[in-house]
Ligand code: HSE
């Protein structure tokens, strides 16, 4: 019998308890062992929960119980979760996590610790929720040199942008709707400002390119400044605005990773990804392009990925199974300084002023545009610095990269 302890009985933790117990028989058949939920750690009381008998408040109970083989960490954050993960690994227990903040900031250290202790540290659910992506990237695509990863990595912001595009809601209205539906947190900043997507592109980069990339090495811009005017101009150009996390392997081995809104051509597969869905496109030198699509968040989709990791460990108990990569460093990432794109620009200016500044442009139109506003797509591929230089002196309202 394999015993599991869940840390944190929030949305994901409770989903894991449900799937683990609800599918007990089929899990046993597939793993050739009985996988039992023994403990749930939470500071709160849940007297009416069907799992009421499992609750403990002291992590030491789990840490010191030799019968616990696998600890599932669904606490979130990088403080208590870090302490408990270290202690569980030190105690010789395998750990499964859905915590992208922890993996993005301490993943190198924790994978090393798991390696030293001969146990597993798996975190499939930390990127793309229920979408299988980390295992396919590290195993099925292992023969490739990965050239680029580009994806819609955050469901909340994709929902907000979809509602702006399809229903004409303002950013504030769409955010409020996302909060009412339980997609966005009351403090939505991690999603809206791009930090959640940033953590996910860090994890993807580490697995794809082999070195730890820290969130502070990834220029990150969210969607709070995207307006309906931009959505309309993009529509007129046959494009949709999407928040993308991208990581590109440069010729010198460094990684250009960043998060920013982009104008994506309507015919591009990423443009069709709507609502809370996520999609991750991976380009490898042998496979070409491959895309992963599905529910990137939510109780049961995320639990699906967590429990699959638990089962993977249960099947291979006694064998180390950890994703790992080399340490990070200043030379691992190169920012976006050299990254050239076409740009969408909206300014309080005349069309001629935009043309004078940017050279050849495609002018855009939208109904109800106020006089004195102009928008265009640059024909030239420019770095952000080159663009800023050319636009100096203009009253620029928006500048968004166009996905090539
Ligand atoms: N807040 C995240 C999202 C949850 O909206 O995608 C999954 O990481």
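In our numbering, the protein residues as written are 2 to 405.
No residue lacks a Cβ here, since even glycine has one placed at the ideal position from N, Cα and C.
Just so you know, these numbers come straight off a predicted model, no measurement behind them.
Practice problem: Within the segment 60-127, note down every full beta strand (DSSP E) run reaching 3 residues or more, in order along the chain. | Solution: 69-74 and 95-98
- Over what stretch of residues does the alpha helix (DSSP H) that includes residue 308 continue unbroken? Within the chain shown, numbered from 1, the residue matching residue 308 stands at position 307. Looking at the DSSP string, the run of the alpha helix (DSSP H) that includes residue 308 is 300-316.
**Prompt:** Quick one: what's got a C-beta closer than 6 Å to residue 314's C-beta in the same chain, skipping five residues either side?
**Reply:** As a working mapping, residue 314 is identified with position 313 in the chain shown. The answer, listed in chain order, is 71, 95 and 121.
Which listed residue (112, 49 and 232) has its alpha carbon closest to that of residue 368:
Along the chain shown, one-based indexing puts residue 368 at 367. Checked all of 112, 49 and 232; the closest Cα to residue 368 is 232.
Distance check for residue 179 and residue 111, CA to CA, integer angstroms please.
In the chain shown, the residue the question calls residue 111 occupies position 110. In the chain shown, the residue the question calls residue 179 occupies position 178. If I take the Cα positions, the gap works out to 34 Å.
message = Would you say the beta carbon of residue 101 is closer than 7 Å to some non-hydrogen atom of ligand 1?
response = Counting from 1 along the chain shown, the entry for residue 101 is found at position 100. The answer is yes for residue 101.
Evaluate contact between the segment 271-290 and the segment 86-102, counting only Cβ atoms and requiring at least three cross-stretch pairs below 8 Å. no
Identify the residues that DSSP records as bridge partners of residue 219: which are they? Taking the chain shown and counting its residues from 1, the one referred to as residue 219 is at position 218. DSSP, once it has assigned bridges, lists no residue as partnering residue 219.
- Task: Compute every distance between the C-beta of residue 157 and the non-hydrogen atoms of ligand 1, then say whether any falls below 7 Å.
- Result: Translated into the one-based positions of the chain shown, residue 157 becomes position 156. Correct: residue 157 has its Cβ closer than 7 Å to ligand 1.
Next on the checklist: Runs of 3 residues minimum, wholly inside the segment 228-309: which ones carry the beta strand (DSSP E) assignment?
Outcome noted: 240-250, 256-266, 278-285 and 289-296
### Message
So, for residue 200: in the same chain, excluding its five sequence neighbours on each side, which residues have a beta-carbon less than 7 Å away from its beta-carbon?
### Response
Position 199 of the chain shown, counted from the first residue, corresponds to residue 200. So the list reads 101, 102, 105 and 216, once near-sequence residues are dropped.
- Message: Checking 8 Å against the spacing of the C-beta atoms, do residue 341 and residue 383 come in under that value?
- Response: In the chain shown, counting from the first residue as 1, residue 341 sits at position 340. In the chain shown, counting from the first residue as 1, residue 383 sits at position 382. In this structure, residue 383 lies closer than 8 Å to residue 341 by Cβ.
For this session: Within 10 angstroms of the Cβ of residue 67, are there 16 or more other Cβ atoms? Answer buried if so, exposed if not.
Result: For the purposes of this step, residue 67 is identified with residue 66 of the chain shown, where counting begins at 1. Under this definition residue 67 is an exposed residue.
Please classify residue 213 as buried or exposed, where buried requires at least 16 other C-beta atoms within 10 Å of its C-beta. Taking the chain shown and counting its residues from 1, one reaches residue 213 at position 212. Per the 10 Å Cβ criterion, buried.
For residue 385, tell me which candidate among 354, 336, 370 and 360 has the shortest Cα-Cα distance. Within the chain shown, the letter at position 384 stands for residue 385. Ranked by Cα distance from residue 385, the first of 354, 336, 370 and 360 is 336.
Next on the checklist: Could you check whether the Cβ of residue 298 sits closer than 7 Å to any heavy atom belonging to ligand 1?
Outcome noted: Here residue 298 is taken as the residue at index 297 of the chain shown, counted from 1. Yes, Cβ of residue 298 sits closer than 7 Å to a heavy atom of ligand 1.
key: Environment of residue 55 [buried if 16+ CB atoms lie within 10 Å]   = Taking the chain shown and counting its residues from 1, one reaches residue 55 at position 54. Its Cβ being crowded by 16 or more others within 10 Å, residue 55 is buried.
**Message:** Which same chain residues end up closer than 6 Å to residue 364 when comparing Cβ atoms and leaving out the 5 residues on each side of it in sequence?
**Reply:** What you label residue 364 is simply residue 363 of the chain shown in a count that begins at 1. 352 and 377.
Nearest residue (CA-CA) to residue 238, options 21, 253, 260 and 344
Working through the chain shown from its first residue, we reach residue 238 at position 237. Of the candidates 21, 253, 260 and 344, the one whose C-alpha sits nearest the C-alpha of residue 238 is 344.
Residue 14 to residue 158 span [Cα, whole Å]: Residue numbering aside, residue 14 sits at position 13 when the chain shown is read from its first letter. Residue numbering aside, residue 158 sits at position 157 when the chain shown is read from its first letter. Approximately 23 Å between the Cα atoms of the pair.
Whether or not the segment 296-303 and the segment 149-156 are in contact is what I'm after, with contact meaning three or more pairs of Cβ atoms, one per stretch, closer than 8 Å; do they touch?
yes
Let me know the secondary structure DSSP gives residue 182 once reduced to three states.
-> Position 181 of the chain shown, counting from 1, holds the residue named residue 182. Coil.
Once DSSP output is grouped into helix, strand and coil, what is the label at residue 338? Within the chain shown, numbered from 1, the residue matching residue 338 stands at position 337. It is coil, neither helix nor strand.
Would you mind working out which of 224, 276, 244 and 187 sits nearest residue 202, comparing C-alpha positions? Position 201 of the chain shown, counted from the start, is the residue given in the question as residue 202. Selected option, being the one with the closest Cα: 244.
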